[in-house]
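Numbers 1 to 174, taken from UniProt numbering, label the letters of the sequence shown in order. Below is one structure, written out as structure tokens; the observations come after it.
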Amino acid sequence: MKGGDKLRKALADLSKKVEKGGHVDVGFFEDATYPDGTPVAQVASWMEFGTPTSRPRPFMRNTVAKHSDRWGEALEAALKDSDFDVKIALSAVGVIIESQIRDEIAEGEFEPNKPLTNLLKWRFPKGDYTTEQFLKAVHDLKKGATASSGKPLVWSGRMFQSVTHEVKDGPGES
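Below is the structure:
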């Protein structure tokens, strides 16, 4: 086999490895729920975009803004390290992005929790309170009860722990 033939074969082999393409989805998937059945993705959306009673805490958008310019380089390195195995490379990048999202959840600078949220977090570290207990906390807060400030996006740890990734064939959705 001559040099040109070797190059053509190497390029053909490489083309076969990457021809299907692929993409990695990172975030919160259907199987992640709180004990009451509430999807973690729904809570993450409320945190990201806010609700009528809670300001946005854009941990996902912050992650994209801070890190997305380096994801292409990470993919390039992962492809080289994996002998151009697209699924392995995308999975490696997915793990990197998961870590970046978790870092933003844990360490991001967001508006502080409201006093009621701090009191509920202190009394119910896993977030498992009843309507009666919620109303009691509201009553106690009006009577002067307090609790120390906590991290805005950290309560039971369920959202933090639920960040994951999936590698899929073909192009991703935009």
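Positions of the beta carbon are idealized from the N, C-alpha and C atoms, including for glycine. None of these values were measured; they are calculated from a predicted model.
- It is roughly 11 Å from the alpha-carbon of Leu-153 to the alpha-carbon of Asn-118.
- Taking C-beta separations shorter than 8 Å and ignoring five residues to either side along the sequence, the partners of Ala-106 in its chain run Lys-151, Leu-153, Val-154 and Phe-160, following chain order.
- Here the region 59 to 70 makes no contact with the region 126 to 143; the two share fewer than three CB pairs at distances below 8 Å.
- Under DSSP, Lys-168 takes part in a beta bridge, and its partners are His-23.
- With fewer than 16 neighbouring CB atoms inside 10 Å of its own CB, Lys-20 falls in the exposed class.
- Around Val-24, the same chain offers Leu-90, Ser-91, Val-93, Gly-94, Ile-97, His-165, Glu-166, Val-167, Lys-168 and Gly-172 as residues with beta carbons nearer than 8 Å, after the five sequence neighbours per side are excluded.
- A straight line joining the alpha-carbon of Phe-29 with that of Val-40 spans about 8 Å.
- Secondary structure at Thr-131: helix, using DSSP grouped into helix, strand and coil.
- One Cα belongs to Glu-109, the other to Asp-85, and the distance between them is close to 37 Å.
- Taking the C-beta atoms as reference points, His-67 is found nearer than 8 Å to Gln-100.
- For the 8 Å CB-CB criterion, Lys-126 and Ser-156 form a contact.
- Lys-87: member of the alpha helix (DSSP H) spanning 86 to 107, first to last residue.
- Of the residues assessed, Ala-65 falls on the exposed side of the cut-off, its CB having fewer than 16 other CB atoms within 10 angstroms.
- Ranked by Cα distance from Pro-35, the options Arg-70, Trp-46, Tyr-129 and Ile-88 are led by Tyr-129.
- With a threshold of 16 other beta carbon atoms within 10 Å, Ala-44 meets it and is buried.
- When the Cα atoms are used, Ala-77 and Val-26 turn out to be separated by approximately 19 Å.
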